[in-house]
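Here's the structure we're looking at; comments come further down.
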Amino acid sequence: MMRNYYVRMLIWMAVSAAVSFILIRLFGLIIGLVLSFAIFILLNILVNRRMLNYGRGSFSVGITYRCINCGYRFKGGSCPRCGSKMKQAEF
762 MMRNYYVRML IWMAVSAAVS FILIRLFGLI IGLVLSFAIF ILLNILVNRR
812 MLNYGRGSFS VGITYRCINC GYRFKGGSCP RCGSKMKQAE F
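Following this line, the structure appears as structure tokens:
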């Protein structure tokens, strides 16, 4: 998982450097830098939006608790079975 992240990051850096180089060669230094920064920021926003929307709706994340005393699983508060307030969180 972590190796995949670093590979993707290196590819992203290489592509952005190549696009910046091409834009600077085509439009000159000032306009090329402005365009490359604008493209870089817009692509980052789009990728972040896509990654944030990726996990939505697939499953609901909720914390359930397990009573240490009797082992009953419940949501929040004290155990409805035995009334104990000693609980362990389960994700």
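For the sequence shown, the tail end lands on 852 under this note's numbering, and the numbers increase by one without skipping. Idealized CB from N, CA, C, for every residue including glycine.
>> Measuring straight from C-alpha to C-alpha, what distance separates Lys836 and Phe852?
In response: Going from the Cα of Lys836 to the Cα of Phe852 covers about 11 Å.
> Considering Tyr826, what are the terminal residues of the beta strand (DSSP E) in which it resides?
Replying inline: Membership of Tyr826 in the beta strand (DSSP E) is indicated by the continuous run 825 to 828.
>> Which of the three DSSP states is assigned to Arg811 in this structure?
In response: In this structure, Arg811 counts as helix in the three-state DSSP scheme.
> Do the CB positions of Ile829 and Met847 come within less than 8 Å of each other?
Replying inline: It is a contact, given that the beta carbons lie within the stated cut-off.
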